[in-house]
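Protein sequence lines correspond, in order, to chains A and B. Every letter in the first sequence is one number past the one before it in this note's numbering, and letter 284, counting from 1, is 284. So the mapping is simple: this note's numbering equals the position in the second sequence, first residue as 1, plus 290. Read the structure below first, then the notes.
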Amino acid sequence: MSIELQNISYTYMPGTPYCRDALLDVSLKIERGEFIGIIGHTGSGKSTLVQHLNGLLRPTAGTVCLDGANMHERKQALKSVRQKVGMVFQYPEHQLFEETVFDDVAFGPRNLGLCDEEVQQRVESALECVGLSVADVAKRSPFRLSGGQMRRVAIAGVIALRPEYLVLDEPSAGLDPCGRDEIYAQILQLYRTSGMAVVLVTHNMEDVARMAKRLLVMDHGRIRFDGPPVDLFHDETIQLRDFGVSLPHVTSLLKTLRTHGLDLDDTLQDEEVVVEAIRSALKRKRDSSC
Amino acid sequence: MFVVEGRVALTIMLQIKDLCHSYRNEQNETLPALDHVSLDVAAGQFLAVIGRNGSGKSTLAKHLNALLVPDAGSCLVNGMDTRNPALLWDVRQTVGMVFQNPDNQIVASLVEEDVAFGPENLGLPPAEIQRRVTDSLEMVGMTEYRLHAPHLLSGGQKQRVAIAGVLAMNPRCLVLDESTAMLDPVGRSEVLAAVCKLHRQQGITVVLITHFMEEAVEADRVVVMDAGRIIMDGDPATVFSQVECIRSLGLDVPVAADIAARLRQKGIDIPADIIRDEELAVALCR
């Protein structure tokens with residue numbers, strides 16, 4: 001059970017003066033149950049890459065397979081691909097359109113031809129998944145909710161399709177720190193309980209470092225790094241800034257303290273652990289100078 | 291009277307007094323967004339506004355160039371009352387706004403035409419328009435992209451073009467409403483550097499609304515909003531050293547301030563006003 005990209009390339013507007021290669025010979029396998037973060041600067045090919053995962057784009061070269069079957073061989077194949085691979089775009093709240101929250105979330109399941117009871121049940125569990133109370137919001141207009149709530153309704157609309165793979169493009173953009181933490185807590189919870197794969201495109205290194213087990217760095221249409229996040233932050237040969245990304249704040253703080261002569265492990269993430277490490281580093285420093 | 295970077299500035303750019311503003315929901319109930327807000331911003335000040343979604347930040351921003359007018363109270367921009375329709379265009383020329391999504395703010399197919407859009411609408415002579423476009427692009431570091439197509443630029447570059455378009459109107463005050471929310475870290479630092487430079491070199495008054503605390507740290511002054519009110523107001527070190535209070539509002543503090551507070555709790559003697567990595571390093575390694 002996997003999505004497999006084999007040597008795919010994608011060129012926008014080929015044969016015109018605007019012709020631009022967005023992906024170059026990318027190969028990637030995403031297994032069920034993985035949590036993958038994708039980072040890279042604007043224009044590095046992240047969005048082009050994820051639009052291949054549910055067949056919105058057809059590669060100029062190479063093949064995309066879902067569970068071993070080529071997505072683009074038969075037209076019917078794409079329909080099931082879109083059911084299995086849910087896509088939450090940037091600012092998904094811009095895609096809300098129904099009169100009530102219930103109808104908006106129900107739009108996808110109804111189009112699957114499910115019976116009313118099944119639709120009802122899926123809408124309720126999807127809203128619950130994103131931390132919205134059915135009683136409070138189901139009858140309300142989605143356009144009268146707060147920004148964070150609208151975003152959660154939009155995500156619920158995708159979850160209601162019960163995808164096996166969930167792709168999220170910058171789900172926390174524009175949310176305050178608290179709203180961001182809530183959204184991510186719900187995504188993590190969903191990931192842990194559902195067994196689906198999550199692919200998260202984000203600029204926020206904190207989120208990636210905390211949640212993703214595997215991190216991809218895109219640059220100029222290629223995957224330049226594929227591995228656990230800590231390996232990236234501590235690989236001195238990689239210039240993160242060239243990729244338009246920055247270190248998690250904790251990591252850059254630890255690096256600064258190191259340059260000031262404190263003996264610290266800069267792979268730490270958790271604040272409490274960092275505090276303890278600083279205390280013992282200070283103690284070692286004092287002991288050695290006595 | 292305000293003290294800005296050691297100088298005494300006599301003018302108040304923004305004078306907000308007991309400002310109230312409400313929206314209406316579908317049941318026609320009033321939802322207060324700003325609740326008796328009072329705020330004076332001196333000319334040349336760099337003010338950061340932080341607060342949760344729905345705390346009233348954007349509503350406040352929209353009052354600053356008369357996109358909204360007060361239900362009660364007043365908002366004076368360089369002494370001009372935003373409720374006076376006769377002053378509307380003067381107010382909007384004084385305060386330039388840059389919004390969140392760069393793609394919603396670009397109107398032309400060439401960078402220089404986009405920046406020229408505002409001054410052209412002022413009916414300025416072509417030579418003056420040219421001069422303003424050149425100067426504005428220079429200030430945001432986008433001169434070499436003058437003849438590029440804006441939609442092919444990166445997000446950070448587009449936002450800098452949007453800022454140049456505002457600068458070409460010669461505003462005295464620049465309001466940025468989460469203008470870096472959609473950008474990658476490099477784009478964010480490009481925009482922030484451009485804003486800091488404008489503030490330092492041109493003395494432009496800056497109101498920066500943001501969810502990124504590391505941006506707020508760069509300001510002269512930080513205002514924290516919650517439920518339509520201003521609940522904290524001070525320099526970044528004063529505001530962010532109140533870690534618990536900021537947290538309870540659903541906001542973050544800079545990592546250095548957070549670690550410093552935790553170390554202090556464990557009995558390590560470090561000053562209360564630490565908000566930057568370097569400051570923490572220096573305090574620990576004395």
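For glycine and all other residues, C-beta sits at the position ideal for the given N, C-alpha and C. Treat the numbers as computed from the prediction; the structure is a model and nothing was measured.
With fewer than 16 other Cβ atoms from the protein chains shown falling within 10 Å of its own Cβ, VAL273/A counts as exposed. By a beta-carbon distance limit of 8 Å, LEU541/B contacts ARG342/B. Their separation comes to about 7 Å. CA-to-CA, the gap between PHE243/A and ALA135/A works out to about 45 Å. The Cβ atoms of VAL397/B and VAL465/B lie no closer than 8 Å to each other. Under the 8 Å Cβ criterion, the stretch 231-239 of chain A does not count as touching the stretch 183-201 of chain A, having fewer than three qualifying pairs.
Within the same chain, Cβ atoms closer than 7 Å to the Cβ of ALA77/A are found at ALA69, MET71, the five residues on either side in sequence being excluded. Secondary structure at ASP235/A: coil, using DSSP grouped into helix, strand and coil.
C-alpha of GLU206/A to C-alpha of GLU319/B: approximately 40 Å in a straight line. Scanning the stretch 419-486 of chain B from its first residue to its last, the whole beta strand (DSSP E) runs of 3-plus residues come out as 463-467. Relative to ALA160/A, the option among LEU253/A, ALA126/A, GLY147/A, ALA154/A whose CA is nearest is ALA126/A.
Counting along the chain, the unbroken beta strand (DSSP E) around CYS365/B starts and ends at 362-367. Within the stretch 443-464 of chain B, those residues whose Cβ lies closer than 8 Å to any Cβ of chain A are, in chain order, SER444, GLY445, GLY446. In the three-state reduction of the DSSP assignment, ALA281/A falls in the helix class, which pools H, G and I. Look at GLU128/A here: in three-state DSSP terms it is helix. The C-beta distance from PRO163/A to GLN83/A rounds to 7 Å, short enough to fall under 8 Å.
Excluding the 5 residues flanking it on each side, LYS307/B has same chain C-beta neighbours closer than 6 Å at SER328, GLY363, SER364, in chain order. Taking a beta-carbon distance threshold of 8 Å, ILE159/A does not count as an interface residue toward chain B.
Beta-bridge partners assigned by DSSP to ASP371/B: LEU366/B. At a beta-carbon threshold of 7 Å, the residues of chain A lying near ALA571/B are THR256, LEU257, HIS260, ordered along the chain. The alpha-carbon of ASP404/B is positioned some 30 Å away from that of ASP371/B. The continuous stretches of beta strand (DSSP E) do not include ASN411/B, which lies in the alpha helix (DSSP H) extending over residues 401-411. Between VAL85/A and the set ASP265/A, ILE278/A, GLU118/A, ILE30/A, the nearest pair of CA atoms involves ILE30/A.
Chain-order list of chain A residues neighbouring ARG554/B: empty, with the shortest C-beta distance near 10 Å, by a criterion of under 7 Å.
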